[in-house]
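Undergrad:
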Amino acid sequence: MLNIVVFVSGAVLMALEIVGSRVLAPYFGSSIFVWGSLISVVLAALSVGYYWGGWLSERSPSIGR
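Every number in the numbering used here is 4 more than the matching position in the sequence shown, counting from 1.
The following block contains the structure:
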(Lines of atoms letter the chains of each structure in order from A and count residues from 1; the text may use other names and numbers.)
(Lines give C-alpha, C1' and ligand atoms only; values in the text may rest on other atoms or scores of the structure.)
Protein backbone atom coordinates (compact mmCIF):
# COMPACT_ATOMS: atom_id res chain seq x y z
CA MET A 1 0.00 0.00 0.00
CA LEU A 2 2.80 2.40 0.88
CA ASN A 3 4.48 1.78 -2.48
CA ILE A 4 1.30 2.78 -4.30
CA VAL A 5 0.96 5.96 -2.23
CA VAL A 6 4.58 6.93 -2.93
CA PHE A 7 4.17 6.23 -6.65
CA VAL A 8 0.96 8.25 -6.93
CA SER A 9 2.36 11.17 -4.94
CA GLY A 10 5.44 11.25 -7.20
CA ALA A 11 3.26 11.21 -10.30
CA VAL A 12 1.11 14.03 -8.93
CA LEU A 13 4.19 16.07 -8.08
CA MET A 14 5.58 15.61 -11.58
CA ALA A 15 2.22 16.62 -13.07
CA LEU A 16 2.15 19.75 -10.90
CA GLU A 17 5.66 20.59 -12.05
CA ILE A 18 4.55 20.38 -15.70
CA VAL A 19 1.44 22.46 -14.95
CA GLY A 20 3.63 25.02 -13.18
CA SER A 21 5.85 25.32 -16.22
CA ARG A 22 2.78 25.84 -18.42
CA VAL A 23 1.51 28.56 -16.09
CA LEU A 24 4.87 30.35 -15.99
CA ALA A 25 5.55 30.09 -19.74
CA PRO A 26 3.37 33.04 -20.88
CA TYR A 27 5.04 35.37 -18.38
CA PHE A 28 8.66 34.21 -18.33
CA GLY A 29 8.99 31.98 -21.39
CA SER A 30 10.21 28.42 -21.30
CA SER A 31 13.94 28.99 -21.08
CA ILE A 32 16.42 26.86 -19.22
CA PHE A 33 16.41 29.40 -16.38
CA VAL A 34 12.67 28.98 -15.82
CA TRP A 35 12.97 25.19 -15.81
CA GLY A 36 15.99 25.34 -13.50
CA SER A 37 14.19 27.63 -11.08
CA LEU A 38 11.09 25.45 -11.11
CA ILE A 39 13.06 22.27 -10.48
CA SER A 40 15.05 24.00 -7.73
CA VAL A 41 11.89 25.12 -5.94
CA VAL A 42 10.37 21.64 -6.18
CA LEU A 43 13.52 19.95 -4.87
CA ALA A 44 13.87 22.49 -2.05
CA ALA A 45 10.25 21.91 -1.01
CA LEU A 46 10.78 18.14 -1.11
CA SER A 47 13.92 18.36 1.01
CA VAL A 48 12.20 20.55 3.61
CA GLY A 49 9.30 18.10 3.74
CA TYR A 50 11.63 15.12 4.07
CA TYR A 51 13.56 16.86 6.84
CA TRP A 52 10.38 17.73 8.69
CA GLY A 53 9.06 14.18 8.29
CA GLY A 54 12.30 12.71 9.61
CA TRP A 55 12.30 15.06 12.56
CA LEU A 56 8.69 14.21 13.31
CA SER A 57 9.30 10.46 13.08
CA GLU A 58 12.28 10.66 15.44
CA ARG A 59 10.29 12.74 17.88
CA SER A 60 7.35 10.35 17.93
CA PRO A 61 8.47 6.83 16.98
CA SER A 62 4.91 5.45 16.98
CA ILE A 63 4.01 7.40 13.81
CA GLY A 64 5.83 5.11 11.38
CA ARG A 65 4.76 1.85 12.99
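A virtual CB, placed ideally from N, CA and C, is assigned to each residue, including glycine.
Using C-beta distances below 8 Å, list every residue in its chain close to Ser41, excluding the 5 sequence neighbours before and after it, in chain order.
TA: Start at 1 with the first residue of the sequence shown, and residue 41 comes out as number 37. Result list for Ser41: empty, nothing under 8 Å.
Undergrad: Could you round the C-beta distance between Val38 and Ser51 to whole angstroms and report it? I think they count as a contact, below 8 Å.
TA: Position 34 of the sequence shown, counted from the first residue, corresponds to residue 38. Position 47 of the sequence shown, counted from the first residue, corresponds to residue 51. Actually they do not touch by this definition, with Cβ atoms about 21 Å apart.
Undergrad: I'd like to know whether the C-beta atoms of Val46 and Glu21 end up nearer to each other than 8 Å.
TA: Within the sequence shown, residue 46 is the residue found at index 42, counting from 1. Within the sequence shown, residue 21 is the residue found at index 17, counting from 1. In this structure, Glu21 lies closer than 8 Å to Val46 by Cβ.
Undergrad: If you follow the alpha helix (DSSP H) that Ser51 is in, where does it begin and where does it stop?
TA: Here residue 51 refers to the residue found at position 47 of the sequence shown. Per DSSP, Ser51 belongs to the alpha helix (DSSP H) from Ile36 to Arg63.
Undergrad: DSSP three-state call for Gly33: helix, strand or coil?
TA: Looking up residue 33 in the sequence shown gives position 29. Three-state result, Gly33: coil.
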